[in-house]
Ligand code: HSE
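Residue numbers (the working numbering): -6 to 373.
The following block contains the structure:
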């Protein structure tokens, strides 16, 4: 199969390198502004108008002109494979609809979980099973920071700088530490697992900015580990709720054992039970393997990751609840209905554990206040 590759950055370089060793995948042209070679062009039309190219791989990142290029490729009759979580979380429904209309493929396994074949398996699982819930650790940068603070006693700024130096963080690392990267991946997993598209504003999202050693210490002393987790679950009325938040997980869970920048993702099927996947959630060659699996998937007849019934999520109907760890300045009142029990006073801080609280209520309580830190307590 002849391929047009959009982008020769980290992931694009990995795709190019692996594809060179494969006999049935030929990268015929590459769109790239920084280098010159006979196979490199700066003109998208040279790729979409090439009748020999059957499939376009988009690994440019960003939204524009990437979205316009993706549409052009589909309109010109090329299958599309993307690793771009931003593009798919923003334009997934539209691009999938266009691909369906044209009888073409649109696959994006590498947009979530780097090398982990999670979305592909989830998309197959949901055809034969009802997905009850899904979640896990989908951001390597924050996992690296929390792990470095917990196991190496590093401070937040140094740990973030190390994650940046190792190439794990996004260009703007606030996307990682504020939970937006994980939120984009949760939009994709929810679409694939539940056939619902969330808008970012419908997913309560809190990252790890503001985490202090006192929080990491509390996690360790209470037999838990602190992780940034995503979760989506189906309520009894059929609606789905989704959220991103720091989470205290039991020290014997698989999540607690996920070190450095690794990811760990799971889904629970009504018939299959819980299925867990772990591996490299980012990086040149790991992420490229998922792109190559999609290319092979298209050749084998795979077409879409979401169902025809995939529709916008109905916000506000389903609301998950669970207990929380909460750190506030000493003297700041905690809502009475939360039955919060103070567990410790450390310096100027009061540390609580609450009875079950609606996720939206806790996120609203902490919104805009960097002095408040909370973490959902994961049931074991
Ligand atoms: N910045 C992302 C992460 C890269 O840390 O997980 C992979 O999507």
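Think of the CB as a built atom: it goes at the ideal place given N, C-alpha and C, for glycine as much as any other residue.
On a Cα-Cα basis, can you pick out the residue from the options that is closest to residue i?
i           : options            : result
residue 80  : 70, 64, 122, 93    : 64
residue 267 : 340, 82, 237, 118  : 118
residue 219 : 317, 342, 364      : 317
residue 344 : 357, 321, 20, 262  : 321
residue 68  : 56, 48, 54         : 48
residue 307 : 289, 326, 189, 325 : 189
residue 288 : 6, 2, 17           : 17
residue 214 : 232, 202, 244, 200 : 244
residue 170 : 145, 199, 182      : 199
residue 137 : 111, 127, 274      : 274
residue 242 : 222, 359, 229, 235 : 222
residue 104 : 91, 134, 92, 4     : 4
residue 93  : 115, 102, 106, 70  : 70
residue 85  : 177, 6, 126        : 177
residue 229 : 280, 158, 193, 312 : 312
residue 2   : 24, -6, 19, 20     : 24
If you count every other CB in all the chains shown that lies within 10 Å of the CB of residue i, and 16 or more means buried, which is it?
i           : result
residue 29  : exposed
residue 217 : buried
residue 172 : buried
residue 212 : buried
residue 150 : exposed
residue 383 : Only positions -6 to 373 of the chain appear in this structure, which leaves residue 383 out of reach.
residue 377 : The question about residue 377 has no answer, for the chain in this structure spans -6 to 373.
residue 179 : buried
residue 357 : exposed
residue 82  : buried
residue 350 : buried
residue 335 : exposed
residue 15  : exposed
residue 145 : exposed
Within its chain, find whatever has a CB closer than 6 Å to the CB of residue i; leave out the 5 residues flanking it on each side and keep chain order.
i           : result
residue 282 : 108
residue 98  : 72, 291, 296
residue 53  : -1, 0, 59
residue 141 : 147, 152
residue 129 : 257, 258, 259
residue 355 : 317, 367
residue 285 : 11
residue 238 : 199, 369
So, for residue i: in the same chain, excluding its five sequence neighbours on each side, which residues have a beta-carbon less than 8 Å away from its beta-carbon?
i           : result
residue 22  : -3, -2, 32, 33, 34, 39, 40, 43, 46
residue 271 : 109, 247, 251, 255, 256, 257, 258
residue 51  : -1, 0, 59, 62, 63, 66, 73, 74, 75, 76, 77, 80
residue 304 : 188, 189, 190
residue 265 : 118, 122
residue 207 : 320, 339, 340, 342, 344
Ligand 1 and residue i: does any heavy atom of the ligand fall closer than 7 Å to the residue's C-beta?
i           : result
residue 248 : no
residue 161 : yes
residue 134 : yes
residue 275 : yes
residue 169 : yes
residue 174 : yes
residue 397 : The shown model of the chain, from -6 to 373, leaves out residue 397, and the question about it has no answer.
residue 0   : no
residue 107 : yes
With H, G and I counted as helix, E and B as strand and the rest as coil, what does DSSP make of residue i?
i           : result
residue 132 : coil
residue 364 : coil
residue 117 : helix
residue 194 : helix
residue 211 : helix
residue 283 : helix
residue 356 : helix
residue 397 : No information on residue 397 is available, as it lies outside the stretch -6 to 373 that the chain covers here.
residue 40  : helix
residue 344 : strand
residue 246 : coil
residue 289 : helix
residue -3  : strand
residue 159 : coil
residue 86  : helix
residue 167 : helix
residue 297 : coil
residue 147 : coil
residue 95  : helix
residue 263 : coil
residue 236 : strand
residue 184 : helix
residue 29  : coil
residue 369 : strand
Apart from the five residues on each side of it in sequence, which residues of its chain come closer than 7 Å, Cβ to Cβ, to residue i?
i           : result
residue 174 : 132, 163, 168
residue 340 : none
residue 443 : The question about residue 443 has no answer, for the chain in this structure spans -6 to 373.
residue 184 : 85, 190, 299, 303
Is any heavy atom of ligand 2 found at a distance shorter than 7 Å from the C-beta of residue i?
i           : result
residue 239 : As for ligand 2, it is missing from this structure, which binds only ligand 1.
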